[in-house]
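Engineer:
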Amino acid sequence: MNADDLLARLEPQTRNLLTRLAGLPALQGAFVVGGTVRDLLLGRPVRDVDLALPGDALAAGRQVARVLNGHFVSLSEERHVARVALDAGPIACVDLAALRGGIDDDLRARDFTIGAVALRLAGAGNVIDPLGGAADAGARRLRAVSPVVFDDDPLRLLRLARLAVELKLNADDATLDLARAKSSLLPLASPERRRDELVRVCATDDAHGGLRLMDALGLLETEFPEVCAGRGVVQPKEHYYDVFDHALETVRALDGLLGSDEPDASEGDSPGRKPLAPVWRALWDAFAFADLRAHLDDEPVAGRPRRALLKLAGLLHDVAKPQTRAPDATGRIRFFGHAELGAEAAQRIMRRLRFSGREAEYVATLVREHLRPLQLAAPGERPTRRALSRFFRDTGDASTGLLLLSLADHLAARGPKADERSWRAHVEYLAWVLRSRFEDETLVSPPRLVTGHDVMAELGLEPGPEVGRVLRAIEEAQASGEITTREEALALARAARDRRE
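Residues in the sequence shown are numbered consecutively from 198, following my numbering.
1) Enumerate in chain order the residues of its own chain whose CB-to-CB distance from residue 445 is below 7 Å, with the five nearest sequence positions on each side excluded.
2) Quick one: grab the DSSP three-state call for residue 482.
3) Which residues in the same chain as residue 373 place their Cβ atom closer than 8 Å to its Cβ, once the five residues preceding and following it in sequence are excluded?
4) Distance check for residue 669 and residue 662, CA to CA, integer angstroms please.
5) Look at the alpha carbon of residue 319 and the alpha carbon of residue 411, and state the distance between them as a whole number of angstroms.
6) To the nearest angstrom, report how far apart residue 294 and residue 619 are at their CA atoms.
7) What residue from 262, 300 and 514 has the CA that sits closest to residue 250's CA?
8) With respect to the alpha helix (DSSP H) encompassing residue 249, which residues constitute its N-terminal and C-terminal limits?
9) Can you tell me which residues form a DSSP beta bridge with residue 290?
10) Nearest CA to the CA of residue 390: which residue from 550, 637 and 531?
11) For residue 357, count the other beta carbons within 10 Å of its own beta carbon; 16 or more makes it buried, fewer makes it exposed. Which is it?
12) Could you say which of 344, 397 and 333 lies nearest to residue 366 if we only look at CA atoms?
13) In terms of residues, what are the limits of the beta strand (DSSP E) holding residue 414?
14) Taking the continuous alpha helix (DSSP H) assigned at residue 448, which residues delimit it?
15) So for residue 297, helix, strand or coil by DSSP?
16) Report the start-end ranges of each alpha helix (DSSP H) in the segment 492-556 that is 4 residues or longer and not cut off at the edges.
17) In chain order, what residues of the same chain lie with their CB nearer than 6 Å to the CB of residue 501, ignoring the 5 residues before and after it?
18) Does the segment 517-537 come close enough to the segment 485-504 that 3 or more CB-CB pairs lie under 8 Å?
19) Could you tell me the distance, in whole angstroms, from the CA atom of residue 624 to the CA atom of residue 594?
20) Nearest CA to the CA of residue 568: which residue from 234, 314, 536 and 255?
21) Whole angstroms are fine: how far does the CA of residue 678 sit from the CA of residue 690?
22) Roughly how many whole angstroms lie between the Cα atoms of residue 468 and residue 394?
23) Exposed or buried, residue 198, counting other C-beta atoms within 10 Å across all chains shown (16 or more means buried)?
24) On the DSSP letters alone, give me the boundaries of the alpha helix (DSSP H) that residue 354 sits inside.
25) Going by DSSP, what residue range makes up the alpha helix (DSSP H) through residue 269?
26) Taking the beta carbon of residue 434 as the centre, do at least 16 other beta carbons fall within 10 Å, making it buried, or is it exposed?
27) Under three-state DSSP, which class holds residue 339?
28) Kindly indicate which residue of 529, 539 and 505 has the alpha-carbon position closest to the one of residue 520.
29) If you follow the alpha helix (DSSP H) that residue 609 is part of, which residue opens it and which one closes it?
30) Kindly provide the ranges of any alpha helix (DSSP H) runs that are 4 or more residues long and lie completely inside the segment 607-665, ordered along the chain.
31) Is the number of C-beta pairs between the segment 253-268 and the segment 349-356 that are closer than 8 Å three or more?
32) Any contact between the segment 266-278 and the segment 222-231? By contact I mean 3 or more CB pairs, one from each, below 8 Å.
33) If you check the beta carbons only, do residue 542 and residue 517 fall under 7 Å apart?
34) So, are the CB atoms of residue 605 and residue 447 less than 7 Å apart?
35) Within the continuous alpha helix (DSSP H) that includes residue 211, where are the two ends?
36) Among residues of its own chain, excluding the 5 on either side of residue 725, which ones have a beta-carbon nearer than 8 Å to its beta-carbon?
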């Protein structure tokens with residue numbers, strides 16, 4: 198395959214950028230490598246440019262930043278790796294790295310053959326493909342470059358699962374066998390790097406597939422032993438799956454419901470193992486008033502979208518069920534306290550993987566409150582204003598995610614027995630709950646009638662927990678419509694004091 202033919206697949210603006218780079222003295226003898234060539238071979242849009250060069254990659258990166266008016270970042274002084282972030286155009290960044298020996302040596306030191314293909318930046322000559330990566334790309338095959346690929350970098354074990362679902366590739370049997378044999382190496386990779394790969398798995402529309410592949414390779418047990426403890430833990434008859442499979446099926450349901458495109462009506466391998474299109478459409482039609490896409494794409498931490506955190510919560514939402522499983526007085530199996538204990542476990546897991554405190558609290562809130570949406574009112578009834586206010590106050594920015602998690606939990610619990618009638622009723626109920634927040638901001642942020650100072654002056658209290666309890670009682674009464682003025686709020690505070698006395 199000719200390099201010029203492959204480069205011709207690029208959009209004109211990106212081809213022009215490569216032409217400019219090829220003219221820089223610091224990039225003479227450079228090669229286009231890695232994900233750039235891989236995406237060209239797979240027919241995917243190219244968003245980043247990866248270069249390998251025989252000279253000083255850091256000095257070359259500074260020159261590229263000046264020419265392209267980009268932002269230079271040294272990624273590794275020791276390994277001579279740099280990045281130039283760009284503010285405009287189809288290319289987000291240019292990554293530069295020093296060649297490890299010659300170009301053949303460099304390609305043979307990479308992870309999978311589809312990323313071990315190169316072409317000269319100048320565009321002359323044939324594509325450099327010592328390991329048959331182009332043919333593997335054509336066959337959508339993921340194949341390790343050597344038997345030591347996972348020894349060289351254990352993170353590649355997770356990268357295997359991530360690339361499989363992100364690029365829709367199938368690993369060959371030899372690569373899968375090798376990954377299973379090397380799965381115990383995964384903890385040698387830093388928690389931060391493992392976290393980033395897991396997030397990318399969960400950000401795809403097939404996080405379930407990535408997690409199932411991790412499980413088949415022995416990686417899920419290493420990363421999430423608490424989840425794997427649910428394997429074989431039987432649930433009451435309302436549940437189709439055991440605790441472990443229910444967790445994975447909840448992620449599958451979230452994949453389907455949160456997917457960026459409406460599924461084909463003929464799709465059968467879907468939440469509930471039924472055609473997903475009607476289920477998907479019911480959700481997005483009912484929630485059309487809310488900008489769910491923007492909410493799901495929001496990144497509490499750069500590069501880690503909320504949709505990925507929501508799927509992690511789906512995986513973890515019943516994580517404490519194995520330790521809380523017990524029969525009640527009638528012999529029915531219950532899991533008392535599993536939501537609260539699960540939230541504590543989720544916090545530990547998120548800290549173990551070096552997520553930020555904000556992300557850990559978001560996931561823990563989803564786990565702790567995942568039963569709450571269906572406990573706001575008796576079956577068939579609408580929640581009171583007070584119940585809604587408490588819900589939105591307690592759950593904060595996790596409230597929307599909780600409603601979506603409740604829907605996925607519903608589908609995963611019933612499995613193939615899920616019926617469209619009960620699903621639509623569930624969707625309409627939760628859509629009404631969320632719409633209440635949009636239509637009445639006072640449910641979330643009612644105007645303050647009194648302050649803590651007002652309460653202390655009126656009741657003769659010193660600063661302390663009692664003031665907070667009175668303020669919360671006033672806020673709840675205000676949310677339910679029982680009081681609307683400052684005078685009524687102070688009267689309620691006095692009445693509360695008199696009852697205690």
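Glycine included, C-beta positions come from ideal geometry on N, C-alpha and C.
Structural biologist: Looking at the coordinates:
1) The residues are 405, 408 and 409.
2) In this structure, DSSP gives residue 482 a helical state, which the three-state scheme calls helix.
3) Apart from sequence neighbours up to five positions away, the residues of its chain that approach residue 373 with a beta-carbon distance below 8 Å are 413 and 414, ordered along the chain.
4) Cα-Cα distance, rounded: 11 Å.
5) So the alpha carbons of these two residues sit roughly 40 Å apart.
6) 55 Å
7) Closest in alpha carbon position to residue 250, among 262, 300 and 514, is 300.
8) No alpha helix (DSSP H) holds residue 249; the beta strand (DSSP E) holding it covers 245-250.
9) Residue 290 is bridged to 245 and 282.
10) 550
11) buried
12) 333
13) That residue, residue 414, is in no beta strand (DSSP E); it is neither H nor E in DSSP.
14) In this chain, the alpha helix (DSSP H) harbouring residue 448 covers 440-455.
15) coil
16) 503-513, 518-521 and 535-549
17) 396
18) No, the segment 485-504 does not touch the segment 517-537.
19) 20 Å
20) The residue among 234, 314, 536 and 255 with its C-alpha nearest the C-alpha of residue 568 is 536.
21) 16 Å
22) For residue 468, the pLDDT reaches just 49, beneath the cut-off of 50, and the residue's location in the model is therefore unreliable, leaving the point undetermined.
23) exposed
24) 353-363
25) First-last for residue 269: 268-273, but that is the beta strand (DSSP E), not the alpha helix (DSSP H).
26) exposed
27) strand
28) Nearest in C-alpha terms to residue 520, of all of 529, 539 and 505, is 539.
29) 596-611
30) 617-636 and 649-656
31) At 8 Å Cβ cutoff, the stretches do not touch.
32) no
33) yes
34) yes
35) 209-219
36) The requested residue 725 is not part of the displayed model; the chain covers only 198 to 698.
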